[in-house]
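Undergrad: Residue numbers (the UniProt record's numbering): 1 to 101.
No residue lacks a Cβ here, since even glycine has one placed at the ideal position from N, Cα and C.
No experiment lies behind these values; they were computed from the predicted model shown.
Next up is a structure, given as structure tokens.
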């Protein structure tokens, strides 16, 4: 599912939306919200649902619209859910996350 972009990428930004509503756990809902704000598409490249299912978002060739002033050279990933039982990636523990890419 991961393809290397033709643009330069030197950072990956994981985001956790501030919702634990099961109806929000999908890329289509996030795309609808972002387009309603006037954006051309959803801001994230990937969505990882609570179930672990991976969904595609914005084209890998497009600069994300996810972190104001820090989008160039990045890939943005939305990790859904606020469940306290979900694993957390701590600073310095990048091995597993990098392996996913």
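Start and end of the alpha helix (DSSP H) containing residue 3?
TA: Residue 3 sits at position 3 when you count from the first residue of the chain shown. Segment: none, residue 3 is in no alpha helix (DSSP H) and carries neither H nor E.
Undergrad: Checking 8 Å against the spacing of the C-beta atoms, do residue 11 and residue 61 come in under that value?
TA: For the purposes of this step, residue 11 is taken as the residue at position 11 of the chain shown. For the purposes of this step, residue 61 is taken as the residue at position 61 of the chain shown. Result no, Cβ atoms of residue 11 and residue 61 do not sit closer than 8 Å.
Undergrad: Since residue 15 and residue 44 are thought to touch, with beta carbons under 8 Å apart, how far apart are those beta carbons, to the nearest angstrom?
TA: Residue numbering aside, residue 15 sits at position 15 when the chain shown is read from its first letter. Residue numbering aside, residue 44 sits at position 44 when the chain shown is read from its first letter. The beta-carbon separation of residue 15 and residue 44, rounded to 7 Å, stays under the 8 Å limit for a contact.
Undergrad: Could you tell me the distance, in whole angstroms, from the CA atom of residue 19 to the CA atom of residue 42?
TA: As a first step, residue 19 must be located in the chain shown, where it is residue number 19. As a first step, residue 42 must be located in the chain shown, where it is residue number 42. For residue 19 and residue 42, the distance between alpha carbons rounds to 17 Å.
Undergrad: DSSP on residue 29, reduced to helix/strand/coil?
TA: Here residue 29 refers to the residue found at position 29 when the chain shown is read from its first residue. Three-state result, residue 29: helix.
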